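> Let me give you the structure first, and then I'll get to my questions.
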Amino acid sequence: MAEFADRVTLRVQAGHGGNGCASIHREKFKPLGGPDGGNGGRGGDVILEVDASSATLLDFHRRPVRRAGNGRPGEGSNRTGADGPDLIIAVPNGTEVKTADGEVLADLVGVGTRFVAAAGGRGGLGNAALASPRRKAPGFALKGEPGQQRDLILELKTVADVGLVGFPNAGKSSLIAAMSAARPKIASYPFTTLIPNLGVVEAGDVQFVVADVPGLIPGASQGRGLGHDFLRHVERCSTLVHVLDCATEEPGRDPVTDLAAIEAELAAYGDATGAELVGRPRLIALNKIDVPAARELADLVRPEFEARGYRVFEISAASGEGLRPLGFAMAALVAADRAARPAELPAERVRVRVPVRAADEPGFEVVRIGDSFLITGEKPQRWVRQTDFSNDEAVGYLADRLARLGVEEALAEPGAEPAAEVLISDRDDAVVFDWDPAAPMASGAGGSGRHNARGRQHLGPRGTDPRLTP
11 MAEFADRVTL
21 RVQAGHGGNG
31 CASIHREKFK
41 PLGGPDGGNG
51 GRGGDVILEV
61 DASSATLLDF
71 HRRPVRRAGN
81 GRPGEGSNRT
91 GADGPDLIIA
101 VPNGTEVKTA
111 DGEVLADLVG
121 VGTRFVAAAG
131 GRGGLGNAAL
141 ASPRRKAPGF
151 ALKGEPGQQR
161 DLILELKTVA
171 DVGLVGFPNA
181 GKSSLIAAMS
191 AARPKIASYP
201 FTTLIPNLGV
211 VEAGDVQFVV
221 ADVPGLIPGA
231 SQGRGLGHDF
241 LRHVERCSTL
251 VHVLDCATEE
261 PGRDPVTDLA
271 AIEAELAAYG
281 DATGAELVGR
291 PRLIALNKID
301 VPAARELADL
311 VRPEFEARGY
321 RVFEISAASG
331 EGLRPLGFAM
341 AALVAADRAA
351 RPAELPAERV
361 RVRVPVRAAD
371 EPGFEVVRIG
381 DSFLITGEKP
391 QRWVRQTDFS
401 NDEAVGYLAD
411 RLARLGVEEA
421 LAEPGAEPAA
431 EVLISDRDDA
441 VVFDWDPAAP
451 MASGAGGSGR
461 HNARGRQHLG
471 PRGTDPRLTP
């Protein structure tokens, strides 16, 4: 099995909230002591946390489904159920979290950074919490909400200051081995390096990380070779070093054409993904000058590169020649980039997308579908999930809540007629009601505190329809 993985699909399931308890306090000489049912416990969250000891996403290939603990149900004597334990999942530094559609949810950089990948369901209220002056002894409790379930794409983008780019066998692995304590696999065949290698380099008082990533070939931006598996790992690098092979004997290959091909792939990848790579500081390392013919070629092409504005270094990863000036040039660019950046945010903070909603939004929407009416919205759907449809009083409490939200008036606007079919929640898995204008307020202990008025439209449950049960 592979020892490295940088892109995986993960299914996370948060814990379900515990059900509330419907209980009446009883003791000697107090046969009706009032409601004392406790609330259910909250379901556990699934949390992604950056861990320094994690370097790959391989474990998610082996276990692609993760679940948090469920909350415990409430009990009598006002005892609240225990919360479900959170599930904390360690991920490598530089992990990007996306939806299946490619929307970026979070960018996890910095040890200790956390992101709630799936939120646990809230516990249901017990009948003690539902009591009111008009509903003094509720005979029902609310069910716990189901925990959030999501399918996520995790992508690991190497966190490094300098990225070494070049064709296969250009000497990138040898260079990082010569400049740091890293010991990547080195061989003479193409694509020896199949996983990113990181090395820590010191030049003066500047310490920085260099990434040796898999070789680049023409067409990589369209997925050829290692394709995006290579290119995503240079997105976070502030400086790029073109490692050009001056000793290659392949036909049609030379440092000038190699540089043009690499630059074209970086530009194409940036156009496809929005990652700006071409405009970053770049250095050129003409490698393998320990070979006499390679030294001659390096002397020949160096003036052309310098005329284009590049800083050029003639090096040999095998003998160590020219590595010290190259290291200090890298350090200077890294130091300048760090000085230009704003102060880093604390590790506990993470960039996430928060939907912005207008303050006057009703919280639901009524959509006419033929002769039926579909009600969507976070509140109505959540209230339906909390309702025990085997309890008439609980169903009446749901009708009261929907009426206070303004659902009845919203149904009248598109022309709902008596006995019209009303669906709440998703269209394919909805709870179905009959809209009955003549129905009385559900349960005599209606929590809304309103009296029935002539012509007032109320939502009556379809008690005989088996689809009532969620």
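Counting the sequence shown from 1 gives a position; the working numbering is that position plus 10. Glycine is no exception: its CB is placed at the ideal position from the N, C-alpha and C atoms. Every value quoted in this text rests on a predicted model; they were computed, and no experiment measured them.
1. Report, in whole angstroms, the separation of the C-beta atoms of I163 and K108, which I expect to be a contact under 8 Å.
2. For E306, is the classification buried or exposed, using 16 other Cβ atoms within 10 angstroms of its Cβ as the cut-off for buried?
3. My output table needs one value for E427: the three-state DSSP class, helix, strand or coil.
4. Excluding the 5 residues flanking I294 on each side, which residues of the same chain have their C-beta closer than 6 Å to its C-beta?
5. Based on the DSSP output, what are the partners of V10 in its beta bridges?
6. Under 7 Å between the Cβ atoms of G25 and R89?
7. Is the beta carbon of V344 sitting closer than 7 Å to the one on D222?
8. Leaving aside the five residues before and after L250 along the sequence, list all residues of the same chain whose C-beta is less than 6 Å from its C-beta, in chain order.
9. Considering Cα atoms alone, identify which of L310, A277 and A303 is closest to E259.
10. To which residues does DSSP link K108 through a beta bridge?
11. Taking L276 as the reference, which of V121, L68, R263 and H243 has the closest Cα?
12. Would a C-beta distance cut-off of 7 Å place G81 and G51 closer than the cut-off?
13. In terms of residue numbering, what span does the alpha helix (DSSP H) encompassing R395 cover?
14. Can you grab the Cα-Cα spacing for the pair P390 / L115, in whole Å?
15. When DSSP builds the beta bridges, which residues end up paired with H252?
16. Taking buried to mean at least 16 other C-beta atoms within 10 Å of its own C-beta, is S183 buried or exposed?
17. Is the beta carbon of V18 sitting closer than 7 Å to the one on L97?
18. Shorter than 7 Å from the beta carbon of G86 to some beta carbon of chain C?
19. Can you list, in chain order, the residues of its chain whose CB lies under 6 Å from that of R124, leaving out five sequence neighbours each side?
20. Give me the Cα-Cα distance between G280 and A429, rounded to the nearest whole angstrom.
21. In this structure, how does DSSP classify E155 when only helix, strand and coil are distinguished?
22. Which same chain residues, not among the five before or five after A256, have their C-beta less than 7 Å away from its C-beta?
23. To which residues of the same chain is R488 closer than 6 Å at the C-beta, ignoring the five residues directly before and after it?
24. So, using beta-carbon positions, are G122 and G94 closer together than 7 Å?
25. Measure the CB-CB distance between Q396 and L140 and report whether it falls below 7 Å.
26. Rounded to whole angstroms, what's the CA-CA distance from N103 to A128? Just pull it up for me.
27. Nearest by alpha-carbon distance to R486: which of S190, L269 and E85 is it?
28. With distance defined between alpha-carbon atoms, name the residue in L135, L433 and Q159 nearest to G149.
29. Start and end of the beta strand (DSSP E) containing I379?
30. Buried or exposed: which applies to Q217, given that a residue is buried once 16 or more other Cβ atoms fall within 10 Å of its Cβ?
31. What is the residue span of the alpha helix (DSSP H) that A422 lies within?
Looking at the coordinates:
1. Rounded, the Cβ-Cβ distance is 4 Å, consistent with contact.
2. E306 should be labelled exposed.
3. Note: E427 maps to coil in three-state DSSP.
4. Same-chain partners within the cutoff: H252, F315, Y320 and V322.
5. In the structure as shown, the chain starts at 11 and stops at 480, and residue 10 therefore has no counterpart that could be examined.
6. In this structure, R89 does not lie closer than 7 Å to G25 by Cβ.
7. Going by C-beta atoms, V344 is not nearer than 7 Å to D222.
8. Excluding residues up to 5 positions away in sequence, G173, V175, R290 and R292 lie with their Cβ nearer than 6 Å to the Cβ of L250 in the same chain.
9. Per the Cα distances, A303.
10. K108 pairs with V114 and I163.
11. Ranking the options by Cα distance to L276, first place goes to H243.
12. For G81 and G51, yes; Cβs fall inside 7 Å.
13. Going by DSSP, R395 is part of the alpha helix (DSSP H) stretching over E388 to Q396.
14. Distance from the CA atom of P390 to the CA atom of L115, rounded to whole angstroms, is 26 Å.
15. DSSP output for H252 lists V175 and I294 as bridge partner(s).
16. Buried, because 16 or more other Cβ atoms sit within 10 Å of the Cβ of S183.
17. Not in contact: V18 and L97 (Cβ atoms no closer than 7 Å).
18. The question asks about chain C, but that chain is absent: this structure has only one protein chain.
19. Within the same chain, R124 has close Cβ partners I57 and E59.
20. C-alpha separation (whole angstroms): 57 Å.
21. The DSSP-derived three-state label of E155 is coil.
22. For the record, residue 256 in the displayed sequence is Cys; it is not Ala. Only P265, L296, N297, K298, I299, A304, L307 and A308 meet the Cβ criterion.
23. The structure shown does not extend to residue 488, since the chain is modelled only from 11 through 480, so no value can be given for it.
24. It is not a contact, given that the beta carbons lie outside the stated cut-off.
25. Contact flag unset, no.
26. Their backbone Cα atoms lie some 20 Å apart in a straight line.
27. Residue 486 is absent from the structure shown; the chain starts at 11 and stops at 480.
28. Of the residues L135, L433 and Q159, the one whose Cα lies closest to the Cα of G149 is L135.
29. Here the beta strand (DSSP E) through I379 covers E375 to I379.
30. Classification for Q217: exposed.
31. Counting along the chain, the alpha helix (DSSP H) containing A422 begins and ends at V417 to A422.
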